[in-house]
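Structure, as C-alpha cells:
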Amino acid sequence: MHRLQLLGGASVVGPDGPLGGAIAQRQRLAFLAVLSGAPTGLVSRDKLLALLWSDLDAGRARKALSNALYVIKKELGEESVSAVGDDLRLDKEAVSVDALEFESAVRAGDLEEAVSLYAGPYLEGVHVKDAPEFEKWADGERDRLAALYAEALEGLATAAAEKGELTEAADWWQQLAVTDPFSSRIALALMESLAAAGDRAGALRYARVHTTLLREEFEADPDPAVTELEERLRHEAAGPVATPPQTEPLTPASPTDSITPPAKPAQPGAVPAQTTRATEASSDGGAGAAGFVSRSQDPRKPGSPEAIFGRALNRFGRQRLVQWGLAYLAGAWFILQVMDILSEAWGLSQGIQQGAFILLFFGFLLTLVLVWYHGEEGRQRVSGPELLIIAALLVIAGGVLSVARPSAQADDPTEFTASSIEADGRLTVAVLPFQNFSPDPEDAYFADGIHEEILSKLSRISSLRVISRSSVMQFREDRPTVPEMAALLGAEYFLEGSARIVGGLVRLTAQLIRGDDEHVWSADYDHPLVLDSLIAVQSRIADSVAARLRTTLTEEERAEISRSPTDNLEAYELYLRGRFLWNQRTEPDMRRALGVFEEAIALDSLYALAYVGVANVYLTLLSWDFLRSEEALPNAEEALERALTLNPLLGEAHTAMGSVLESRGDGAEAFAEFQRALELSPDYATGHHWYAIFLAKQGYFDDAQTHIRFARGLDPLSRMIAANHGWVLYLARDYEGALVQLEALTQREPTFAYGWSALGETYAEMGRLEEGIEAVGRSFELEPWPNVILQLARLHALAGNTDYARAIVEDVHPSHDPLREAQVFVALGEWDRALELLEEGIR
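Quick note on our numbering: the sequence shown kicks off at 170 and runs consecutively.
Spelled out as C-alpha cells, the structure:
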C-alpha cells in the first residue's frame, strides 16, 4: 500500500520509502492532492483541468491530464485511480492520505492522534507553476486544516485544565501559541495556564515576547487584558493561582486580534524566528524563549543546545540574512540573463560565462559572511522590506529580459529538427557520412562503417546530443552548405571525414565544423590496417571532438569509447560490411547482410554486435513483409538472447528484444525491455521510435507522442519516423493530425511507399475512400509489398468493388499476413473466412 503525505509538504511513500521520479513532480502530487481532497470522493476531469492546466489549450490540457494519470497508475497501480463516467476517484484502500486521517481523528474526538498526524501546513512548499486556481484551492485547504489543528490544540488544553493537569494544559497552549504568536486571546490563555501551573516567570516572559512581537511587526499594542494580567502577576505574591476560566472558540476577541492576520501554523514545538528575535530584545535576553518550548527543557542554561540555537536564530533574524540572500540571488539572476543575451550578440565564450557563474557563486558566500559579521541591525542603511522590494524588481527585470529577447518564428508543425525538442543544455553534433577515397570502390563499406562507429562512440557521451544516422546519410551524395544542414538538423557542430585504404595502411581524416561554417579542428591519422589501431583512432577522434566542445567524459564513457567489440579484424570488417548491406534496405542486400553477419560470428562466436545484426535483419525482413513471423521471430529472438548473454548493456539489443516480445504478445515483458533500452541508450532514436509505436498500440497515446517527437528530434530527416508519427496519431484516432503529418511527408518524399500506404489508411478512416485507394495504389506502384496489395483489396471492398477485391486476394503472395487478409474478408462480409484467418494468425 502507498501513502500520500500532504501535511508539512507533499510526497508519496511506498513500501520501500519515498517514491521519486515522475510521480514526485509537483503537478502529479497536486493532482493526487485534489483527488484526495474531494468531499464526495469524485473529481471531474474539467475541474482538474481548470485547477492544474488552465494555461494550456483544451487539447494539450487533456493530454497533460492523461499523461499524469498514466504515470500515477503506473507507479501506484491501476486500481489507485478509477474512472466513474467523466469523474475520477482516488481509491483510499490502495492509497492512504495523512490529511484525511487527520480530519477523521478530529471528527472522532481523538485529538492527540490528530495533533500527532499534523506534521505541518498542508502542501507546505508545493507550488505549481501557471496554476493560480490550484494555489487558491490549496490556500483554502491549508487554512481549513490549520483551523482544525488549532481547535484540536485548544480542545486538548481545555480538557487538561478540567482534569487539573495544569502543566499539560500549559504545554498545549504553548503549541497553539506557536501557530499564532500574534493572537492576544491565545496569549492571555497561555499566560493564565502558566501561572496556574506555578510558572509566573514563564507567563511574564511570554507577555513580553507577545508585546514585543506586536510592536515590531505591526506597531500595535497588546490587548489591555494581557497588560492587566501581566501587571497583576508582577504584584501577586508567590502561591497557587486558580485554574484559568474556559476560553471562547477561536475567533478574534480583541481589536488586536481582528487586525492581525493569523500566522501559518508550524510543527508542534517549533520556534519561529520572530519569537526568538523578540525574546532577545526583552529584558531576559535569550532566556525569554522559554515561553515557546516545552517546559521539560531548560533554555536558561547558558551552554545548553537550546540556548545556543536560540542565540544563532536571533542573530540570523537581526542580520536580515534571508533578505540579503534573496536580493543577491535576484541580482545574480538578472546579471546571468544579461550575459545570456550578450553571449548571443557578442559571441561570448563558454569559459567567460562559466567564470562569471563561479564569481557570482563565491560572491554569494562572501555576501552572507559579510552580512553575518558586519550587518548588525541599526547599522544597515537598507531595511528588510526595502531589500525584498529590490529583489522583486530585479526578478521582474530579469524575467522581462528572458521573455523580450528575439525569438525565432514558429516552426511548421510538420517540420521537425533537433531544436524541436525541449532544450536540455547539451550541444548537438551531426556526424556526416565519411567519404571513400580508396582506389577500390568496393571499399565504400569501410568508410561507411567507420562513420557509423564514430557516430556510435560519440552517442555514448551523455553530455552530447548526436543526430541519428538515417538523417545524416541523406547528405552522402548531395551535401548542402553547413549552415543549410544546421537549419535542417538543428545541429551546432558537424564532424566530417574520409577513409582511404591502400595496401595494408589506413588513412582517416576528420574535421570539426561549427554550424556557421567555421572550422574548429582537423586531424589526419595514418595507421596500419590492424584492429587495435582502428579502435584507438576512433576513440581519439571521439575524444578530440569532446575536448574541442569542452565536454568532460566520465570514466565509464571513456572506457566504453575505447572498448573493442571484437579481437578479430576480419570479423570486424565483415560486421562493417553487414551493416552497410543492411542499411541498403532492399531484400537482396538484407539477405546478403544476414550471411555476412553469420560469417563474422563464425570467426568470433563472442561478437555480441554481430548477433544484434542478425536479429535486426530478421526483424526488418519481417516488417517489410519479406519473411513470415514464424520464420523471423524465433531466429531474431535466439540471436538477441545470445547477444544479451554476452553483453547485457547493449541498448540496441534490448530495443530489438522489446519488438520481438511485442510481436509475441508479451506486453509486460516488452515494456520492461523498451524501458531498459532507453535507460542504457537514452538518445537512441530507434528505441524511442519503436517504443512509441508499442505505447500507441497499448493505448498510451500521450506517452507515444512524447517518444515519437523525441525520436524525430534525434533523427529529424528520417522518413520512417515521420511516417510513424502520423501512424501514432492514426492509432489515437486523431485522423486530422495524422493527415497533416502524412500529407506533408508524401509531398516531401513522393517516392516513399510506406508514407502513401499510411496516408491511404487515414483517408479511408475519414470516409475518403477514393483518395485512400489512390494513395495505396501509389504505394503499390512504388513497392509492390504483399501487405499493400491486401490493403488495396480491403479499400476496394469497402468502396463496393467486391469482385475486384476478391481477384486481388486470389493473387496474393504466399507470405501474406493473415491479419491483413482477414480485414479484407471482414470488408467483404465473409465472417467465417475472416475468423479462420485470424485463428491461423494466432497459431
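Just so it is clear, CB atoms sit at the ideal spot from N, CA and C, and this is done for glycine as well.
Query: Does DSSP put residue 256 in a helix, a strand or coil?; Result: strand
Query: Report the option in 657, 270, 185 and 605 whose CA atom is closest to the CA atom of residue 641.; Result: 657
Query: State the CB to CB distance for the pair residue 684 and residue 651, rounded to an integer number of angstroms; the pair is presumed to be in contact (CB under 8 Å).; Result: 7 Å
Query: So, is residue 764 buried or exposed, given that buried needs 16 or more other C-beta atoms within 10 angstroms?; Result: exposed
Query: For residue 733, which of helix, strand or coil comes out of DSSP?; Result: coil
Query: Can you check which of these residues, 711, 172, 835 and 842, is closest to residue 259 by C-alpha distance?; Result: 172
Query: For residue 619, which residues in the same chain have their Cβ closer than 6 Å to its Cβ, ignoring the five residues on either side in sequence?; Result: 603 and 668
Query: Determine the contact status of residue 263 and residue 278, defining contact as a CB-CB distance below 8 Å.; Result: no
Query: Going by the DSSP bridge assignment, what does residue 690 pair with across the sheet?; Result: 681
Query: Go ahead and label residue 313 buried or exposed: buried means 16 or more other beta carbons lie within 10 angstroms of its beta carbon, across all protein chains shown.; Result: exposed
Query: Pick helix, strand or coil for residue 862, following the three-state DSSP scheme.; Result: helix
Query: Who are residue 174's beta bridge partners in DSSP?; Result: 180
Query: Tell me the DSSP secondary structure of residue 656 in three-state form.; Result: helix
Query: So the candidates are 300, 229, 188 and 276; which of them puts its Cα closest to the Cα of residue 203?; Result: 300
Query: With DSSP as the reference, identify every bridge partner of residue 670, one or two as the case may be.; Result: 675
Query: May I have the straight-line CA-CA distance separating residue 453 from residue 374, to the nearest angstrom?; Result: Note that residue 453 has pLDDT 37, beneath the 50 cutoff, so the model's placement of it is unreliable and the number below is only indicative. The straight-line gap from Cα to Cα measures roughly 8 Å.
Query: Smallest Cα separation from residue 383: which of 351, 634 and 231?; Result: 351
Query: So residue 275 is in the beta strand (DSSP E); what residue range does that whole segment cover?; Result: Counting along the chain, residue 275 falls outside any beta strand (DSSP E), though it belongs to the alpha helix (DSSP H) covering 267-277.
Query: Between which residues of its own chain and residue 967 is the CB-CB distance below 7 Å, once the five residues before and five after are set aside?; Result: 933, 938 and 996
Query: Go ahead and pull the three-state DSSP assignment for residue 334.; Result: coil
Query: Out of 182, 250 and 188, point me to the one whose CA is closest to residue 212's CA.; Result: 250
Query: Please go through the same chain and pick out, in chain order, the residues whose beta-carbon is closer than 7 Å to the beta-carbon of residue 739, but skip the five residues on each side of it.; Result: 772
Query: Since residue 755 is in the beta strand (DSSP E), which residue starts that stretch and which ends it?; Result: It is not in any beta strand (DSSP E) - residue 755 carries neither H nor E in the DSSP assignment.
Query: Could you tell me which residues DSSP pairs with residue 663 in its beta bridges?; Result: 599 and 682
Query: For the beta strand (DSSP E) holding residue 639, just list the boundary residues, first then last.; Result: Element bounds for residue 639: not the beta strand (DSSP E) but the alpha helix (DSSP H), 638-641.
Query: Please report the distance separating the alpha-carbon of residue 1008 from that of residue 991.; Result: 10 Å
Query: Could you tell me the alpha carbon to alpha carbon distance between residue 664 and residue 638, rounded to whole angstroms?; Result: 13 Å
Query: Do we get a CB-CB distance below 8 Å when we pair residue 771 with the residues of chain C?; Result: The structure shown contains no chain C; it is built from a single protein chain.
Query: Sort out for me which residues DSSP pairs residue 633 with in a bridge.; Result: 596
Query: Only counting the same chain, and skipping five residues up and downstream in sequence, which positions put a Cβ closer than 8 Å to that of residue 825?; Result: 781, 784, 785, 788, 805 and 809
Query: How far does the beta strand (DSSP E) with residue 211 in it extend, from its first residue to its last?; Result: 211-213
Query: Between the alpha carbons of residue 366 and residue 360, how many angstroms are there, rounded?; Result: 10 Å
Query: Is the Cβ-Cβ distance between residue 762 and residue 816 less than 8 Å?; Result: no
Query: Tell me whether residue 626 is buried or exposed, calling it buried when 16 or more other Cβ atoms sit within 10 Å of its Cβ.; Result: buried
Query: Could you compute how far the alpha carbon of residue 457 sits from the alpha carbon of residue 371?; Result: Since pLDDT at residue 457 reaches only 35, below the 50 mark, its modelled position is unreliable, and the value read off the structure follows with that caveat. Cα to Cα, residue 457 sits roughly 8 Å from residue 371.
Query: Look at the alpha carbon of residue 395 and the alpha carbon of residue 526, and state the distance between them as a whole number of angstroms.; Result: 53 Å
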